[in-house]
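Presented below is the structure to which this report refers.
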Amino acid sequence: MANNTDMGEFFNATVDLIDHNITEGRGQKTAVIDKSGSHSYQALSDNINRFANALKEVGVQQEQRIILCLNDTIDFPVCFLGAIKAGIIPVPVNTRFTETDYAFILKDSRAVALIVSDDLLAPFESHLESYPALKSIIVSGSNTGEHKSLSDLVKAQSPEFSAVQTTRDDMCFWLYTSGTTGMPKGTVHLHGNLSATAELYAKETTGIREDDIMFSAAKLFFAYGLGNGLTFPFSVGATAILLEGPPTPETVCDILHEQAPTIFYGVPTLFAMLLASGLLPKNGEHNLRFCVSAGEALPADLLTRWQKQMGIDILDGIGSTEMLHIFLSNRPGDVRPGSTGKPVTGYKIRLQGDDGLPVPRGEMGALEISGPSSAVMYWNQRDKSLETFQGPWTRAGDKYYQDEEGYYIYCGRTDDMLKVGGIYVSPFEVEAALIEHEAVLEAAVVGKEDSDQLVKPKAIIVAKQADIDHEILAEELKQFVKERLAAFKYPRWIEFVDELPKTSTGKIQRFKLRDSV
Numbered sequence: 026m027a028n029n030t031d032m033g034e035f036f037n038a039t040v041d042l043i044d045h046n047i048t049e050g051r052g053q054k055t056a057v058i059d060k061s062g063s064h065s066y067q068a069l070s071d072n073i074n075r076f077a078n079a080l081k082e083v084g085v086q087q088e089q090r091i092i093l094c095l096n097d098t099i100d101f102p103v104c105f106l107g108a109i110k111a112g113i114i115p116v117p118v119n120t121r122f123t124e125t126d127y128a129f130i131l132k133d134s135r136a137v138a139l140i141v142s143d144d145l146l147a148p149f150e151s152h153l154e155s156y157p158a159l160k161s162i163i164v165s166g167s168n169t170g171e172h173k174s175l176s177d178l179v180k181a182q183s184p185e186f187s188a189v190q191t192t193r194d195d196m197c198f199w200l201y202t203s204g205t206t207g208m209p210k211g212t213v214h215l216h217g218n219l220s221a222t223a224e225l226y227a228k229e230t231t232g233i234r235e236d237d238i239m240f241s242a243a244k245l246f247f248a249y250g251l252g253n254g255l256t257f258p259f260s261v262g263a264t265a266i267l268l269e270g271p272p273t274p275e276t277v278c279d280i281l282h283e284q285a286p287t288i289f290y291g292v293p294t295l296f297a298m299l300l301a302s303g304l305l306p307k308n309g310e311h312n313l314r315f316c317v318s319a320g321e322a323l324p325a326d327l328l329t330r331w332q333k334q335m336g337i338d339i340l341d342g343i344g345s346t347e348m349l350h351i352f353l354s355n356r357p358g359d360v361r362p363g364s365t366g367k368p369v370t371g372y373k374i375r376l377q378g379d380d381g382l383p384v385p386r387g388e389m390g391a392l393e394i395s396g397p398s399s400a401v402m403y404w405n406q407r408d409k410s411l412e413t414f415q416g417p418w419t420r421a422g423d424k425y426y427q428d429e430e431g432y433y434i435y436c437g438r439t440d441d442m443l444k445v446g447g448i449y450v451s452p453f454e455v456e457a458a459l460i461e462h463e464a465v466l467e468a469a470v471v472g473k474e475d476s477d478q479l480v481k482p483k484a485i486i487v488a489k490q491a492d493i494d495h496e497i498l499a500e501e502l503k504q505f506v507k508e509r510l511a512a513f514k515y516p517r518w519i520e521f522v523d524e525l526p527k528t529s530t531g532k533i534q535r536f537k538l539r540d541s542v
């Protein structure tokens, strides 16, 4: 990567990620494979420059915000990195947000331009006149209507552009959180944050290489997917496979068979669906070196079944929008089933008790992180910023404990923890026990009050077979958990559903399940 790392001196994240690939002779190497074919590093670099010029032509100025609502195609890295090179702030947004979410984000960000895929334009159309700051709507795809065509704009520009003079501490891009417990929060990241995740997690922790072909089921608008499918491959001159549509078991397995990626990034729910699909290649029939999981903790049983089927590890880790990517992780050659591993080099972890003091090893505490990729604030959310970003420490909202060998064990989200008989119970621990049963595909555990108004665990189950006898299975599962965990942790009630409510990142929305008990 480019040597422009001194604090206060010139540093532009796009220059750092892209330009070294050209100077190091990878101009003709494939950078991206998407629905339209293969795109070289030189073509990517040229179009990044063209888009930067296009933004200047339509009047977007340095430090102004632009919204990117784009599918995972070559247009995403072109627009994201082109804006950054021009000193403009790209704000990628979830393509599955609602019209209400988009209206909030356009107003909150005061974006001056919207770049949107043609099939994603509909939720914007009715309210585009409501934002005085919004001057340009640019559409990716052929159905542009009355709006500007991204393709035409880019083609008309010069492939030469000199990066705006930014530093590592300049505002670079925003990511809006998924807003599962309220309106989304604009998380503000700096130019230096992308390279920090590439250097410390992708290179040092997982050992990515130039000859890797990386495929991420998580989309580019997520912090997790942005690293997997853009920052990491470009940082070493590797190749990224982009999937425009949803990562179904069928589409993912087609790519594993046909495109031969060497690293696959997913979430626990998807790994479970892939194993249940019967479509996965067997050990020796794929090109994967390892897989990575984040989003939710990876149950030990799921990891064991994947290892048996595929002959490779899944490196489970935890990251967040606020920290940009994974800061606590298992490593190649050091995978501890049921744990989230150890801190990524360059990050510090502490676990705080309810009294705000560090907890002893072996006791559960609230996870806090200190590291070089932390966001600086939530835009327009002073109180929430102060609550989350406390000096060098960022509060994660997760509960963990550290075992005697230094591995961190996930207990659950702080808001999801149950107190049963005065003792904390981790929903994840009960869920992990439940999915060991051969009849269970997915499980979620929430608290429910009994007749004495005391909280006890309730399990919501997705069974592998729809025609199974639920009454018999429920009793089996209660006994199954009792044999594996302390008796007070077993679910007193078991409900069967066809699917669990999830965010678009694959996280189970337990608050919706709590609301329904």
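Residues in the sequence shown are numbered from 26 upward in steps of one, following the working numbering. A virtual CB, placed ideally from N, CA and C, is assigned to each residue, including glycine. Since we're looking at a predicted model, the values are computed, not measured.
Check: Apart from the five residues on each side of it in sequence, which residues of its chain come closer than 7 Å, Cβ to Cβ, to Thr222?
Finding: Along the sequence shown, read from residue 1 onward, the residue named residue 222 stands at position 197. Answer for Thr222: Gly252, Thr256, Leu349, His350 and Ser398, listed in chain order.
Checklist line | Member of Lys333, Val213 and Ala188 whose CA lies at the smallest distance from the CA of Arg407 | finding: Numbered from its first residue, the sequence shown carries residue 407 at position 382. Checked all of Lys333, Val213 and Ala188; the closest Cα to Arg407 is Val213.
Checklist line | Thr192 - DSSP class collapsed to helix/strand/coil | finding: Taking the first residue of the sequence shown as 1, we reach residue 192 at position 167. Thr192 falls in the strand class under three-state DSSP.
Next item on the list: Quick one: using the 10 Å Cβ neighbour count with 16 as the cut-off for buried, is Glu412 buried or exposed?
Entry: Indexing the sequence shown from 1 puts residue 412 at position 387. Exposed, by the Cβ-count rule.
Note to self: Per DSSP, what are the beta-bridge partners of Val487 in this structure?
What the structure shows: Numbered from its first residue, the sequence shown carries residue 487 at position 462. Answer is Glu467.
Check: Near Leu466, what residues of its chain come up, given a Cβ to Cβ distance below 7 Å and the 5 sequence neighbours on each side ignored?
Finding: Here the question's residue 466 lines up with position 441 in the sequence shown. Correct list, in chain order: Ala297, Ala301, Val487, Ala488 and Lys489.
Check: Distance, Cα to Cα, Glu185 vs Lys81?
Finding: Residue 185 sits at position 160 when you count from the first residue of the sequence shown. Residue 81 sits at position 56 when you count from the first residue of the sequence shown. About 13 Å.
Next item on the list: Using the DSSP secondary-structure output, state which residues sit across from Ile288 in a beta bridge.
Entry: To locate residue 288, count along the sequence shown from 1; it is residue 263. Per DSSP, Met239 and Phe315.
Next item on the list: Could you tell me whether the Cβ atoms of Arg509 and Ala469 are closer together than 7 Å?
Entry: Against the sequence shown, residue 509 aligns to sequence position 484. Against the sequence shown, residue 469 aligns to sequence position 444. Going by C-beta atoms, Arg509 is not nearer than 7 Å to Ala469.
Notebook entry, point to check: Where do the ends of the alpha helix (DSSP H) carrying His282 lie?
Noted result: The residue labelled residue 282 in the question sits at position 257 within the sequence shown. Note, His282: alpha helix (DSSP H), Pro274 to Glu283.
Item checked: Where the alpha helix (DSSP H) through Val261 begins and ends -> Numbered from 1 along the sequence shown, position 236 holds the residue referred to as residue 261. From DSSP, the alpha helix (DSSP H) with Val261 extends over Phe257 to Val261.
Notebook entry, point to check: Looking at the structure shown, is Glu429 part of a helix, part of a strand, or coil, going by DSSP?
Noted result: Here residue 429 corresponds to residue number 404 of the sequence shown, with the count starting at 1. Coil at Glu429, not helix or strand.
Notebook entry, point to check: When the Cα atoms are used, what is the spatial distance from Asp494 to Asn405?
Noted result: For the purposes of this step, residue 494 is taken as residue 469 along the sequence shown, with counting starting at 1. For the purposes of this step, residue 405 is taken as residue 380 along the sequence shown, with counting starting at 1. Each residue's Cα considered, the two are about 52 Å apart.
Next item on the list: Given a cut-off of 7 Å, decide if Gln89 and Ile113 are closer than it, judged by their beta-carbon atoms.
Entry: Taking the first residue of the sequence shown as 1, we reach residue 113 at position 88. Taking the first residue of the sequence shown as 1, we reach residue 89 at position 64. Contact: yes.
Notebook entry, point to check: If you compare alpha carbons, which of Ala511, Lys409 and Ala325 is closest to Tyr435?
Noted result: Taking the first residue of the sequence shown as position 1, residue 435 is located at position 410. Among Ala511, Lys409 and Ala325, the Cα nearest to that of Tyr435 is on Ala325.
Margin query: Please state the DSSP three-state secondary structure of Lys367.
Written below: As a working note, residue 367 is residue 342 in the sequence shown. Of the three classes helix, strand and coil, the one that applies to Lys367 here is strand, per DSSP.
Next item on the list: Count the CB pairs spanning the segment 409–428 and the segment 377–395 that are closer than 8 Å, and state whether there are at least three.
Entry: yes
Check: Whose C-beta lies closer than 8 Å to the C-beta of Glu275 among residues of the same chain, with five residues either side of it excluded?
Finding: Locating residue 275 in the sequence shown gives position 250, counting from the first residue. The residues are Ser302 and Leu304.
Next item on the list: Select from His64, Ser354 and Glu496 the residue whose C-alpha is nearest the C-alpha of Thr231.
Entry: Working through the sequence shown from its first residue, we reach residue 231 at position 206. Of the candidates His64, Ser354 and Glu496, the one whose C-alpha sits nearest the C-alpha of Thr231 is Ser354.
Notebook entry, point to check: With a cut-off of 8 Å, do at least 3 Cβ pairs link the segment 126–138 to the segment 97–106?
Noted result: no
Checklist line | Rounded C-alpha distance that separates Lys180 from Ala77 | finding: The residue given as residue 180 occupies position 155 in the sequence shown. The residue given as residue 77 occupies position 52 in the sequence shown. Between Lys180 and Ala77, the C-alpha separation is close to 12 Å.
Margin query: Considering just the uninterrupted stretch of the beta strand (DSSP E) at Lys444, what are its terminal residues?
Written below: The sequence position of residue 444 within the sequence shown is 419, counting from 1. From DSSP, the beta strand (DSSP E) with Lys444 extends over Leu443 to Val445.
Margin query: Arg193 and Leu216 - do their beta-carbons sit closer together than 7 Å?
Written below: Working through the sequence shown from its first residue, we reach residue 216 at position 191. Working through the sequence shown from its first residue, we reach residue 193 at position 168. For the record, residue 216 in the displayed sequence is His; it is not Leu. Yes, the Cβ-Cβ distance between His216 and Arg193 is below 7 Å.
Item checked: For Gln332, three-class secondary structure by DSSP -> As a position in the sequence shown, residue 332 is number 307, starting the count at 1. Three-state DSSP puts Gln332 in a helix.
Margin query: One question on the structure: do Ala248 and Thr346 come within less than 7 Å of each other, judged by their Cβ atoms?
Written below: In the sequence shown, residue 248 corresponds to position 223, counting from 1. In the sequence shown, residue 346 corresponds to position 321, counting from 1. Their beta carbons are under 7 Å apart, which means Ala248 touches Thr346 by this criterion.
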